[in-house]
Amino acid sequence: MAAIKHHKQLPELGAALLSAAMALPCVMGVAHAESAPEKGTLSFKYLDYKERQQIADGASAGYGLSDSKSGASAFDDRIRVKATASKLVLPINSEWSMSGTLITDSISGASPAYHTEALTGMKDFRRAIDTSLTHYTPDGTFTFGVNHSGERDYVSRGVSLLATRATENKNTTWTAGIGVNRDQINPSNRIVFNETKNGTDLLLGVTQVMSMNDIVQFNLGYYKGHGYYSDPYKIYDERPRNRNHETLQTRWNHHFSELNATTRLAYRFYTDNWGIRSHTFDAEWVQNVGWGWSAAPAIRYYTQTAAKFYVEADPSLSPFPPNPPLGAQYFSEDQRMSAFGGLAFGMKLVKQINLDTKVDFKFEQYGQKGSWILSGKGSQGLAPFYARSIQVGLTHTF
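Just so it is clear: in the sequence shown, position 320 is 306 by this note's numbering, and no numbers are missing.
What follows is the structure in structure tokens.
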């Protein structure tokens, strides 16, 4: 609930990776703890993320990204993110613990001014802090969190409260949470000044132990926000000043005792008042291979419909953007508002060095095209998009 937010909305594979990797594992049984951890934990992770966009032959870095079907093509690097995250969890006594996460990321590269064309340079540095205090009771937990994220043109502040309650046999755990964020936007191009965006997240979930080898979880989420949602750095981008969305997420972990392996399957459905509907399917196989090593290949498929105010690309007008419909109140030519499908493949390796220390390495490759949408044709005239991420981590208990 206290997840750190990033206003530039890099693809799901990008800026959110590191904060998600550092988050406490709120899924699959962690809520069953009845007392604070006996040892402290210090974790460090480093992320290197890079985006690539296919461009037409002869296009410059500032103009002319066009449909991949027209002429020869090449790939141009777009966004590069280098980030570090440090997380400390400390037990206070048998009933209390505290944690803190510091994330810094340096972003450089170029972002399309509209659709996948007219790249404009960008460079920024962000520092984010997330702290929480947890109280443990015989049948549950209460966690209060505070987060702050700041960069040159965007500041986000938030608070959250998460509560869990387990049944007497500890096989069922209920979760409820609320998070409130207050953001302030001051873009460097001064399109707007001191704009704000306020949002509230609600969460309700249940985790159920089905057998010795199976555990499932269901989460319902609701978000209600109001404020400045447009992208001030893009041409023809005027979005509604309110956004509400609902999510349904389900997970299933199954352990194969004879193989010493575990499957992790997940599905997430998302819908909002902008007209976007998305589905996310995740599958991971965690294989213990001995000598302290484990390997976890994973695959993820994502698909979404376009926002109802998305203006489709028209390659025949390149290098100029199409005009929004006459009289339109809202419009956006942001590729992230289009209809597309995305596919990611990853591999994570973990080495348990000793009882207190482990290291991990993760590589993930992501691709996105309009034609990969689950149903329908998807948005046309967009250059294919690719990204890769490399993540290295170290965790030590003391």
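The C-beta atom is built at its ideal place from N, Cα and C for all residues, glycine as well. Being a predicted model, the structure only gives us computed values, none of them experimental.
Spatial distance of residue i from residue j (CA atoms)
i: G379; j: Q366; result: 39 Å
i: D139; j: T182; result: 12 Å
i: S216; j: P173; result: 11 Å
i: D342; j: M84; result: 19 Å
i: S324; j: V67; result: 23 Å
i: F326; j: Y32; result: 29 Å
i: A330; j: I376; result: 13 Å
i: I439; j: E154; result: Any property of residue 439 remains undetermined from this structure, which presents the chain solely from -13 to 384.
i: F111; j: S243; result: 46 Å
i: R38; j: R322; result: 15 Å
i: G213; j: T117; result: 26 Å
i: R263; j: K294; result: 11 Å
i: F128; j: A104; result: 48 Å
i: P370; j: P124; result: 52 Å
i: W279; j: K337; result: 5 Å
i: K210; j: R229; result: 6 Å
i: G86; j: A299; result: 44 Å
i: W260; j: T249; result: 34 Å
i: Y372; j: Y352; result: 6 Å
i: L245; j: Y253; result: 24 Å
i: G26; j: N79; result: 11 Å
i: V13; j: L303; result: Note that V13 scores a pLDDT of 37, beneath 50, so its modelled location is shaky and nothing firm can be said.
i: A281; j: G332; result: 11 Å
i: I171; j: R143; result: 12 Å
Assumed close pair residue i, residue j - CB separation to whole angstroms, cut-off 8 Å
i: K334; j: K348; result: 4 Å
i: T158; j: G191; result: Not confirmed; about 11 Å, so no contact.
i: L131; j: S146; result: The sequence given here places Gly at residue 131; Leu does not occur at that position. Rounded, the Cβ-Cβ distance is 4 Å, consistent with contact.
i: Y219; j: N175; result: 7 Å
i: F267; j: R237; result: In fact, because the Cβ distance is near 12 Å, the residues do not count as touching under 8 Å.
Identity of the residues DSSP links to residue i by a beta bridge
i: P77; result: S83
i: Q354; result: G328, F371
i: G313; result: Note: G313 sits in no beta bridge, so no partner.
i: E37; result: A373
i: A282; result: K334
i: G261; result: DSSP lists no partner for G261.
i: K348; result: K334, Q377
>> Quick check on the DSSP output: what are the complete alpha helix (DSSP H) runs of length 4 or more inside the region 102 to 160, in order along the chain?
In response: Fully enclosed alpha helix (DSSP H) runs of 4 or longer: not present.
> Going along the chain, which unbroken runs of the beta strand (DSSP E) with 3 or more residues stay wholly within the region 172 to 257?
Replying inline: Every beta strand (DSSP E) of 3 residues or more that sits fully in the region 172 to 257 is shown, in chain order, as 181 to 195, 200 to 213, 228 to 242.
>> Assess contact between the region 300 to 311 and the region 255 to 272, defined as three or more Cβ pairs (one per stretch) separated by less than 8 Å. Is contact present?
In response: The region 300 to 311, when compared against the region 255 to 272, does not touch it at the 8 Å Cβ threshold.
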